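Below you'll find the structure, written out as C-alpha coordinates, and then a few comments.
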Amino acid sequence: MRVLFARAASCAGADTENDEAYSAAISQLHTYWATQLLEVCRRNGGVYVKAGQFAAAFGGVPREYRTVLSQLEDRAVPQPYKTVRRSLEQELGGPAVVDALFSSFDRRATAAASLAQVHHAVLADGTEVAVKNTAQRNAIAADRYPYLDTHL
(Lines of atoms letter the chains of each structure in order from A and count residues from 1; the text may use other names and numbers.)
(Lines give C-alpha, C1' and ligand atoms only; values in the text may rest on other atoms or scores of the structure.)
Protein backbone atom coordinates (compact mmCIF):
# COMPACT_ATOMS: atom_id res chain seq x y z
CA MET A 1 0.00 0.00 0.00
CA ARG A 2 2.81 2.41 0.85
CA VAL A 3 4.49 1.70 -2.46
CA LEU A 4 1.26 2.55 -4.21
CA PHE A 5 0.99 5.77 -2.15
CA ALA A 6 4.57 6.72 -2.95
CA ARG A 7 4.11 6.01 -6.65
CA ALA A 8 0.81 7.89 -6.77
CA ALA A 9 2.35 10.86 -4.96
CA SER A 10 5.27 11.05 -7.37
CA CYS A 11 2.98 10.68 -10.39
CA ALA A 12 0.60 13.34 -9.07
CA GLY A 13 3.41 15.87 -9.01
CA ALA A 14 3.95 15.84 -5.23
CA ASP A 15 7.14 17.49 -4.04
CA THR A 16 8.79 14.23 -3.01
CA GLU A 17 12.06 16.02 -2.20
CA ASN A 18 10.55 18.25 0.50
CA ASP A 19 7.43 16.37 1.63
CA GLU A 20 8.13 15.07 5.15
CA ALA A 21 5.16 12.66 5.13
CA TYR A 22 6.37 11.15 1.87
CA SER A 23 9.94 10.85 3.17
CA ALA A 24 8.72 9.24 6.40
CA ALA A 25 6.57 6.74 4.47
CA ILE A 26 9.47 5.80 2.21
CA SER A 27 11.82 5.45 5.19
CA GLN A 28 9.30 3.21 6.96
CA LEU A 29 8.93 1.12 3.81
CA HIS A 30 12.70 0.72 3.45
CA THR A 31 13.05 -0.24 7.12
CA TYR A 32 10.33 -2.88 6.83
CA TRP A 33 11.84 -4.51 3.74
CA ALA A 34 15.39 -4.23 5.08
CA THR A 35 14.27 -6.19 8.15
CA GLN A 36 12.69 -8.84 5.91
CA LEU A 37 15.90 -9.06 3.88
CA LEU A 38 17.97 -9.36 7.08
CA GLU A 39 15.94 -12.41 8.11
CA VAL A 40 16.37 -14.00 4.66
CA CYS A 41 20.14 -13.49 4.92
CA ARG A 42 20.28 -14.95 8.44
CA ARG A 43 18.06 -17.90 7.57
CA ASN A 44 20.05 -18.85 4.47
CA GLY A 45 23.50 -17.93 5.78
CA GLY A 46 26.70 -18.12 3.75
CA VAL A 47 26.62 -16.17 0.51
CA TYR A 48 23.38 -14.49 1.57
CA VAL A 49 25.14 -13.05 4.63
CA LYS A 50 28.05 -11.99 2.43
CA ALA A 51 25.68 -10.26 -0.03
CA GLY A 52 23.97 -8.49 2.89
CA GLN A 53 27.35 -7.33 4.18
CA PHE A 54 28.20 -5.90 0.76
CA ALA A 55 24.84 -4.12 0.61
CA ALA A 56 25.43 -2.66 4.09
CA ALA A 57 28.73 -1.18 2.93
CA PHE A 58 27.51 0.13 -0.44
CA GLY A 59 26.75 3.86 -0.46
CA GLY A 60 24.15 3.58 -3.22
CA VAL A 61 21.83 1.51 -1.02
CA PRO A 62 19.23 3.45 1.02
CA ARG A 63 20.37 4.30 4.55
CA GLU A 64 17.69 2.12 6.17
CA TYR A 65 19.02 -0.99 4.41
CA ARG A 66 22.61 -0.16 5.32
CA THR A 67 21.67 0.34 8.97
CA VAL A 68 19.64 -2.88 9.30
CA LEU A 69 21.98 -5.07 7.24
CA SER A 70 25.03 -3.85 9.18
CA GLN A 71 23.91 -6.35 11.85
CA LEU A 72 25.32 -9.05 9.57
CA GLU A 73 28.84 -7.73 10.14
CA ASP A 74 28.88 -9.07 13.68
CA ARG A 75 30.12 -12.53 14.62
CA ALA A 76 28.47 -15.27 12.59
CA VAL A 77 27.06 -18.43 14.15
CA PRO A 78 29.67 -21.20 13.76
CA GLN A 79 28.87 -24.55 12.20
CA PRO A 80 28.72 -27.55 14.56
CA TYR A 81 31.94 -29.52 15.02
CA LYS A 82 30.57 -32.59 13.20
CA THR A 83 30.05 -30.43 10.09
CA VAL A 84 33.60 -29.08 10.40
CA ARG A 85 35.01 -32.57 10.92
CA ARG A 86 33.17 -33.92 7.87
CA SER A 87 34.48 -30.99 5.82
CA LEU A 88 38.07 -31.61 6.98
CA GLU A 89 37.81 -35.30 6.15
CA GLN A 90 36.57 -34.49 2.64
CA GLU A 91 39.25 -31.86 2.04
CA LEU A 92 42.19 -33.78 3.54
CA GLY A 93 41.42 -37.33 2.41
CA GLY A 94 39.53 -39.09 5.18
CA PRO A 95 39.30 -39.59 8.95
CA ALA A 96 42.65 -41.36 9.25
CA VAL A 97 44.47 -38.43 7.63
CA VAL A 98 42.79 -35.92 9.95
CA ASP A 99 43.60 -38.04 13.01
CA ALA A 100 47.24 -38.41 11.93
CA LEU A 101 47.65 -34.71 11.11
CA PHE A 102 46.33 -33.22 14.38
CA SER A 103 47.24 -34.20 17.94
CA SER A 104 44.42 -31.93 19.13
CA PHE A 105 41.69 -29.89 17.50
CA ASP A 106 39.51 -27.39 19.40
CA ARG A 107 35.88 -28.30 18.72
CA ARG A 108 34.76 -24.74 19.41
CA ALA A 109 35.46 -22.14 16.71
CA THR A 110 37.78 -19.30 17.66
CA ALA A 111 36.10 -17.10 15.04
CA ALA A 112 33.29 -17.53 12.55
CA ALA A 113 32.40 -15.52 9.47
CA SER A 114 29.82 -15.85 6.73
CA LEU A 115 31.81 -18.31 4.60
CA ALA A 116 34.40 -19.85 6.92
CA GLN A 117 35.44 -20.35 10.53
CA VAL A 118 38.70 -20.78 12.42
CA HIS A 119 39.68 -23.44 14.97
CA HIS A 120 42.79 -23.72 17.13
CA ALA A 121 44.66 -26.99 16.63
CA VAL A 122 47.98 -28.66 17.35
CA LEU A 123 49.73 -30.63 14.62
CA ALA A 124 51.20 -34.06 15.31
CA ASP A 125 54.68 -32.48 15.57
CA GLY A 126 53.48 -30.09 18.31
CA THR A 127 53.12 -26.96 16.16
CA GLU A 128 50.14 -24.79 17.15
CA VAL A 129 48.07 -23.70 14.16
CA ALA A 130 44.88 -21.88 13.29
CA VAL A 131 42.78 -23.95 10.90
CA LYS A 132 40.49 -22.05 8.55
CA ASN A 133 37.63 -24.28 7.50
CA THR A 134 35.04 -23.51 4.86
CA ALA A 135 32.31 -25.57 6.51
CA GLN A 136 29.77 -22.77 5.94
CA ARG A 137 30.49 -22.68 2.21
CA ASN A 138 30.49 -26.45 1.94
CA ALA A 139 27.15 -26.68 3.76
CA ILE A 140 25.60 -24.21 1.33
CA ALA A 141 27.00 -25.94 -1.73
CA ALA A 142 26.13 -29.47 -0.67
CA ASP A 143 22.82 -28.97 1.08
CA ARG A 144 21.10 -26.13 -0.72
CA TYR A 145 22.67 -25.10 -3.99
CA PRO A 146 25.09 -27.69 -5.40
CA TYR A 147 25.73 -25.57 -8.51
CA LEU A 148 27.11 -22.66 -6.43
CA ASP A 149 30.26 -24.52 -5.41
CA THR A 150 31.96 -23.70 -8.69
CA HIS A 151 31.10 -20.00 -8.36
CA LEU A 152 32.39 -19.38 -4.84
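Start counting the sequence shown at 1; every next residue gets the next number (full-length UniProt numbering). Think of the CB as a built atom: it goes at the ideal place given N, C-alpha and C, for glycine as much as any other residue. Quick caveat, the model's predicted, so the values are computed rather than measured.
{"Item": "My assumption, with CB atoms under 8 Å, is that N133 sits in contact with V77. Please give the rounded CB distance.", "Value": "Not confirmed; about 14 Å, so no contact."}
{"Item": "So, for Y48: in the same chain, excluding its five sequence neighbours on each side, which residues have a beta-carbon less than 7 Å away from its beta-carbon?", "Value": "V40 and C41"}
{"Item": "By DSSP's criteria, Q117 is part of a beta bridge. Which residues make up the other side?", "Value": "A112 and N133"}
{"Item": "Determine, using beta carbons only, whether A130 and L101 come nearer to each other than 8 Å.", "Value": "no"}
{"Item": "When the distance is taken between beta carbons, is Q117 closer than 8 Å to Q79?", "Value": "yes"}
{"Item": "For A57 versus L72, is the C-beta distance shorter than 8 Å?", "Value": "no"}
{"Item": "Would you call the CB atoms of A111 and L69 closer than 8 Å?", "Value": "no"}
{"Item": "Look at the alpha carbon of V98 and the alpha carbon of A113, and state the distance between them as a whole number of angstroms.", "Value": "23 Å"}
{"Item": "Just mark A96 as buried or exposed, buried being the case when its beta carbon has 16 or more other beta carbons within 10 Å.", "Value": "exposed"}
{"Item": "Please return the same chain residues whose Cβ sits closer than 6 Å to the Cβ of G93, not counting the five positions on each side in sequence.", "Value": "none"}
{"Item": "Would you identify the three-state DSSP class for F105, choosing helix, strand or coil?", "Value": "strand"}
{"Item": "Where does V122 fall in DSSP's three states?", "Value": "strand"}
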